[in-house]
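Just so you know, the sequence shown maps onto residues 0 to 231 in this note's numbering.
Encoded as structure tokens, the structure appears first; notes follow it.
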Amino acid sequence: MKQKGAWTRVNYQQLAANPEALDDYLAQLTAVEAVTFEKWSQAEQLSFLINAYNAFTLELIRSHYDKFAAGNADSIRDLGSWLTSPWEREFFTLLGEPRTLDWLEHDVIRPNYAEPRIHAALVCAAVSCPPLLNTAYTAEQLDSQLEGQMTVFLNDTANNSFDAATNTLYLSSIFKWYGNDFLEDKSYSALTDVAARYIKNQALTQALSESRDVAIRFNDYNWDLNSTDVPD
Numbered sequence: 000m001k002q003k004g005a006w007t008r009v010n011y012q013q014l015a016a017n018p019e020a021l022d023d024y025l026a027q028l029t030a031v032e033a034v035t036f037e038k039w040s041q042a043e044q045l046s047f048l049i050n051a052y053n054a055f056t057l058e059l060i061r062s063h064y065d066k067f068a069a070g071n072a073d074s075i076r077d078l079g080s081w082l083t084s085p086w087e088r089e090f091f092t093l094l095g096e097p098r099t100l101d102w103l104e105h106d107v108i109r110p111n112y113a114e115p116r117i118h119a120a121l122v123c124a125a126v127s128c129p130p131l132l133n134t135a136y137t138a139e140q141l142d143s144q145l146e147g148q149m150t151v152f153l154n155d156t157a158n159n160s161f162d163a164a165t166n167t168l169y170l171s172s173i174f175k176w177y178g179n180d181f182l183e184d185k186s187y188s189a190l191t192d193v194a195a196r197y198i199k200n201q202a203l204t205q206a207l208s209e210s211r212d213v214a215i216r217f218n219d220y221n222w223d224l225n226s227t228d229v230p231d
């Protein structure tokens, strides 16, 4: 069994030493033309965009891994500047234009696809991130992949847990920042509904079934690099 939080880790040292597979994949992503993308189904488009976000995040870390190895960076946030965050940097090309990670998430994915489960799929290279799926997202499996990611993430007690003694639900700060994305989905009327669907915790299930007043608190987000050589 993995330790709590262990499934979020990535071996960036190995990736930096052997970048060929990632380079090839990024080239495939970059080669897709906008006219081709626009002909795809919604599931094909969303799978492509999630894969691109995660792959270019890996590239951002890989291309600056020497800073982490030398101790000059501890977090993806250290790769920005006082003018520009790392998510606002135009460091890759997609669909024929220079792009940023923020463009992918906030200008395209969130407003155009109405799929809150992407918050368990987009990975920001931090310890408190959801786990990085070890395979590509595909249109055929997208629904089951997103369901799986939500289940794994919500049951990682380093990020989400329930204290039965105080009737307090502790959630990742992701739900503080993007809670409205879930509440705009008609499947949920409150964040406790999201927790009830995915968290496998008998005490939480009982508390919600008995309509107890469950308080919600948000955990601090650990932005340290989610590298395999960083201890919990």
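Backbone N, C-alpha and C fix where the C-beta goes; we use that ideal spot for every residue, glycine too.
Cβ-based burial, residue i [other Cβ within 10 Å; buried from 16]
{"i": "ASP155", "result": "buried"}
{"i": "VAL213", "result": "buried"}
{"i": "ASN221", "result": "buried"}
{"i": "LEU82", "result": "exposed"}
{"i": "GLY95", "result": "exposed"}
{"i": "ARG196", "result": "exposed"}
{"i": "SER127", "result": "buried"}
Span separating the alpha-carbon of residue i from that of residue j
{"i": "ASP228", "j": "ALA72", "result": "14 angstroms"}
{"i": "PHE55", "j": "ARG211", "result": "43 angstroms"}
{"i": "ASP142", "j": "ILE49", "result": "13 angstroms"}
{"i": "LYS217", "j": "THR134", "result": "The question names Lys, but residue 217 is Phe in the sequence shown. Spanning the two alpha carbons is a distance of roughly 29 angstroms."}
{"i": "VAL193", "j": "LEU145", "result": "14 angstroms"}
{"i": "ASP106", "j": "ARG98", "result": "11 angstroms"}
{"i": "ARG116", "j": "MET149", "result": "7 angstroms"}
{"i": "GLU209", "j": "TYR187", "result": "18 angstroms"}
{"i": "ALA42", "j": "ARG88", "result": "27 angstroms"}
{"i": "ASP223", "j": "GLU19", "result": "26 angstroms"}
{"i": "LEU14", "j": "TRP176", "result": "30 angstroms"}
{"i": "LYS38", "j": "ASN200", "result": "43 angstroms"}
{"i": "TYR169", "j": "ALA30", "result": "42 angstroms"}
Residue i - partner residues in DSSP beta bridges
{"i": "TYR187", "result": "Bridge partners of TYR187: none, in fact."}
{"i": "PHE91", "result": "ARG98"}
{"i": "TYR169", "result": "SER160 and ARG216"}
Limits of the unbroken beta strand (DSSP E) element including residue i
{"i": "ARG109", "result": "Element bounds for ARG109: not the beta strand (DSSP E) but the alpha helix (DSSP H), 109-112."}
{"i": "ARG98", "result": "96-98"}
{"i": "SER160", "result": "160-162"}
Test: residue i CB closer than 8 angstroms to a CB of chain C
{"i": "LEU25", "result": "Note that chain C does not occur in the displayed structure, where there is just one protein chain."}
Member of the options whose CA lies at the smallest distance from the CA of residue i
{"i": "PHE47", "options": "ILE173, GLN140 and ARG196", "result": "GLN140"}
{"i": "PRO129", "options": "TRP39, ALA138 and HIS118", "result": "HIS118"}
{"i": "ALA120", "options": "ALA164, GLU183 and ILE173", "result": "ILE173"}
{"i": "THR92", "options": "ALA33, ALA206, ALA124 and ASN166", "result": "ALA33"}
{"i": "ALA124", "options": "ARG109, LEU153, PRO18 and LEU100", "result": "LEU100"}
{"i": "ASP65", "options": "VAL151, GLN12 and ALA206", "result": "GLN12"}
{"i": "GLY246", "options": "GLY79, GLN201 and ILE215", "result": "As displayed, the chain neither begins before 0 nor continues past 231, which places residue 246 out of reach and without an answer."}
{"i": "ALA138", "options": "GLY79, THR29, ASN111 and LEU45", "result": "LEU45"}
Bounding residues of the alpha helix (DSSP H) (the contiguous stretch that carries residue i)
{"i": "ILE49", "result": "41-62"}
{"i": "ASP73", "result": "Run containing ASP73: none; DSSP gives neither H nor E here."}
{"i": "GLN140", "result": "GLN140 -> no alpha helix (DSSP H), and no H or E assigned at all."}
{"i": "ALA26", "result": "19-30"}
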